[in-house]
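Number 662 marks the last residue of the sequence shown (the numbering used here); no jumps.
Note that the Cβ used here is the ideal one computed from N, Cα and C, for glycine as well.
Below: the structure, in structure tokens.
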Amino acid sequence: MKNHNRSRREFLNVTGAGIAAFAGSRWLRAAEGSDPDLVVFNAKVYTVDSRVPKAEAFAIKANRFLAVGSNAEIKALIGKSSETYDAKQMTIVPGFIDCHNHAPGEVLLYDVLVGNPFVVEFVTIDSIVAKLRERAAITPPGTWVEGYFFDDTKVKDNRMLNVHDLDQVSKDHPVAVHHRGGHTSFYNSKALEMADINKATPNPPGGTFDRDANGELNGRVTDRATAPLRSVGKRTTFTAAQKEQRARDGLAYISKMFVRYGVTSVHHEGGDLAALQQVRARGDLLHRVSFETSGKILDSMIADGIQSGFGDDWIRFGATSEHGVDGSYSERTMALSTYYPGMTPPYKGNVTETQQVTNEWTEHVHRAGIQCNWHANGDVAIEQVMTAYERAQKLFPRTDARPKITHCTLINDDLIRRLKAAGAVPAPFTTYAYYNSDKFKYYGEEMMKHMMAYRSFLDAGIVAAAGSDFSPGPFDPRMAIQGMVTRTGWDGQTWGANQKITVEEALRVNTLNGAYNSHEESTKGSITPGKLADFVVLSDDLFTVPQDKIKDLEIVRTVVGGVIRYQA
Ligand SMILES: [Zn+2]
């Protein structure tokens, strides 16, 4: 939805000393003469607004920032009914925005988690087997037993999980362990047998049934090859009422987690739209949602003329959910133009969509006035996406469409040029530089110089935002910023240092650029008079602490729409 007031907005430099007052919108005229609801002072405010980049204080009225400036200027606005907050020299930044998140609250609440969703933690294969055995004991034979948040490089045993491990869980249940990356799963013999997959089964297009050195199935299945496994066996069923309750409680849970980490706006990859509205109605939606969808809801949006931007400041239709074009970065199935270094047999990853389908889908969505969003990791996939978008734009030109490329991991000069020309908005992985440094050896330094290429994007004037891709990556913005500025992982290894960006840039990537990603930069993403009062109080200054300690800053308070949603 376009903000009708945008063109009438003016930012006035009232004193010349940095106070910016907002004039021209109807609500403020109505509020003139009345006291601010809240005045925050004695803070180190990094506004991410280039007109007034640093401030000491700000005032809030009717859920929005009213004025930003020095302690003296803003304290002068305190009225009888104003609340005040002395920030005691703590640091305040705009609320963080995550432009790609699967928000799997239900999984976190109800399913077997075989890895740690939020931080680097190594587990043993024994612990995975034990957790799944416990679930199998209360699950009827023939019904799936599944584990989530597996990370193949966070295993103390230092080897790949395999079919024999999972046969120890059960021979009567189909068993699956899903990699947190979402593109590969590991199965036991029973599951493979039920899907009629044996060592003679050929790999389908866009996927693999992996084999050990003797040619036997090792239980790992990638991308499109997982389809036959998903259609067999029973799954635990729930009544309609139970399903709704689980969806609501899952969303309420993840919403709490978001604000605990300072994340105030999240682009949701689909999910239960009805549950989302119910959670909001009961007061448990603590963060703002850009709802990205596909399937039935997208079809009816197109049929009924609902475009990106429809909704309000809490739940709004954004781009589509990611339309997959290739495999995964963390699981090493993304589509590369060159071979994966050192792999036998030689492998270039999985292209999971044809150029023709990519073209048709893109044109269909683009014509409907909906912001396209593709999942493309490898250079081959990004090129396929750009070809489809350039074609759609030629057939049906639209201004400021901001085609969104989720991940957009491996780039080259030609792709940068094409993205810039198209006004594309990439949302690369945020926390990977820190969290997944143990995987970069599979690509090597030469390729890492062109991956998660925040430096290249920003230098080219491309508005790159942050896309954690949770569950594949943790969504903690502190971990994200540390990784972006150091390119150094939890193991102390530095990869692709040429892609480092500054703290200031990383803060912008995680805030204002995120707002731009969904056409919401006029209402959020910076501490600017007139914008929604979403901000985070940090225990210390992210610009002055050692860069390898940014992830350890404490989130002291998270405020969304002027209301405290999390307090340490
Ligand atoms: Zn994703």
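Distance, residue j Cα to residue i Cα
| i | j | result |
| --- | --- | --- |
| Leu632 | Leu489 | 48 Å |
| His76 | Phe280 | Residue coverage of the chain in this structure runs from 95 to 662, which leaves residue 76 outside it and unanswerable. |
| His460 | Thr493 | 11 Å |
| Asn254 | Ser620 | It is Met, not Asn, that sits at residue 254 in the sequence shown. Taking the straight line from one Cα to the other gives about 44 Å. |
| Ser264 | Lys293 | 21 Å |
| His417 | Gln183 | 45 Å |
| Leu392 | Ala413 | 10 Å |
| Val134 | His469 | 40 Å |
| Gly436 | Lys350 | 43 Å |
| Met395 | Ala137 | 44 Å |
| Pro299 | Arg314 | 16 Å |
| Ile409 | Arg382 | 6 Å |
| Val657 | Ala591 | 39 Å |
| Asn471 | Gln576 | 22 Å |
| Ala117 | Cys193 | Here the model assigns Ala117 a pLDDT of 42, short of 50, so the residue's position is not dependable and the matter cannot be decided. |
| Phe352 | Glu457 | 34 Å |
| Leu647 | Tyr355 | 11 Å |
| Ser562 | Lys174 | 43 Å |
| Ala115 | Ala662 | Caution applies to Ala115, whose pLDDT of 45 falls short of 50 and renders its modelled position unreliable; the model cannot decide the point. |
| Thr582 | Val630 | 25 Å |
| Asn297 | Asp306 | 15 Å |
| Ala486 | Ala462 | 11 Å |
Heavy atom of ligand 1 within 7 Å of residue i beta-carbon
| i | result |
| --- | --- |
| Ala240 | Here the sequence assigns Glu to residue 240, which means Ala is not the residue at that position. Answer for Glu240: no, Cβ out of range of ligand 1. |
| Glu416 | yes |
| Glu363 | yes |
| Thr446 | no |
| His194 | yes |
| Asp553 | no |
| Asp420 | no |
| His469 | yes |
| Thr500 | yes |
Chain-order list of residues whose beta-carbon lies under 6 Å from that of residue i (same chain, five-residue window excluded)
| i | result |
| --- | --- |
| Arg674 | An answer regarding residue 674 cannot be provided, because it is not within the stretch 95 to 662 covered by the chain. |
| Tyr434 | Tyr441 |
| Glu363 | His196, Glu386 and Ser415 |
| Arg100 | Caution is warranted here: a pLDDT of 35 is assigned to Arg100, below 50, making its placement in the model unreliable, and the coordinate value is therefore given only provisionally. Ser616. |
| Gly344 | Gly199, Glu200 and Leu203 |
| Thr302 | Thr316 and Ala319 |
| Ala482 | Thr452, Asn453 and Thr456 |
| Pro268 | Trp238, Lys284, Ala285, Met288 and Gly327 |
Range of the contiguous beta strand (DSSP E) that encloses residue i
| i | result |
| --- | --- |
| His613 | First-last for His613: undefined, no H or E at that position. |
| Lys488 | Unbroken run through Lys488 is the alpha helix (DSSP H), Asp473 to Leu489; no beta strand (DSSP E). |
| Val239 | Val239 to Phe244 |
| Ser384 | Arg382 to Thr387 |
| Phe135 | Leu132 to Phe135 |
| Gly538 | Where Gly538 is concerned, there is no enclosing beta strand (DSSP E), given that its DSSP letter is neither H nor E. |
| Phe303 | Gly301 to Arg305 |
| Val650 | Ile649 to Val654 |
| Leu160 | Arg158 to Gly163 |
| Glu454 | Not the beta strand (DSSP E): Glu454 falls in the alpha helix (DSSP H), residues Gln449 to Arg461. |
Residues near residue i in its chain [Cβ-Cβ closer than 7 Å; skip 5 each side]
| i | result |
| --- | --- |
| Phe551 | Pro520 and Ala558 |
Distance cut-off 7 Å: residue i Cβ against heavy atoms of ligand 2
| i | result |
| --- | --- |
| Asp507 | By its list of ligands, the structure shown excludes ligand 2, since it contains just ligand 1. |
Span of the alpha helix (DSSP H) around residue i
| i | result |
| --- | --- |
| Arg374 | Leu367 to Ala375 |
| Ala230 | Ile219 to Ala231 |
| Leu202 | Gly199 to Tyr204 |
| His469 | That residue, His469, is in no alpha helix (DSSP H); its beta strand (DSSP E) goes Asn467 to Ala470. |
| Ala321 | Ala321 to Arg324 |
Neighbourhood of residue i by C-beta distance below 8 Å, restricted to the same chain and skipping five residues each side
| i | result |
| --- | --- |
| Arg123 | The pLDDT assigned to Arg123 is 40, lower than 50, so where the model puts this residue is not dependable; a value taken from the coordinates is nonetheless given after this. Counting only Cβ-Cβ distances below 8 Å, and skipping sequence neighbours, we find nothing. |
| Asn252 | none |
Answer yes if the segment 159–166 comes into contact with the segment 325–342, meaning at least three C-beta pairs across the two stretches below 8 Å, and no otherwise.
no
Give a yes or no on contact between the segment 539–546 and the segment 588–605, applying the rule of three or more CB pairs nearer than 8 Å.
yes
Three CB pairs or more closer than 8 Å across the segment 560–567 and the segment 507–519
no
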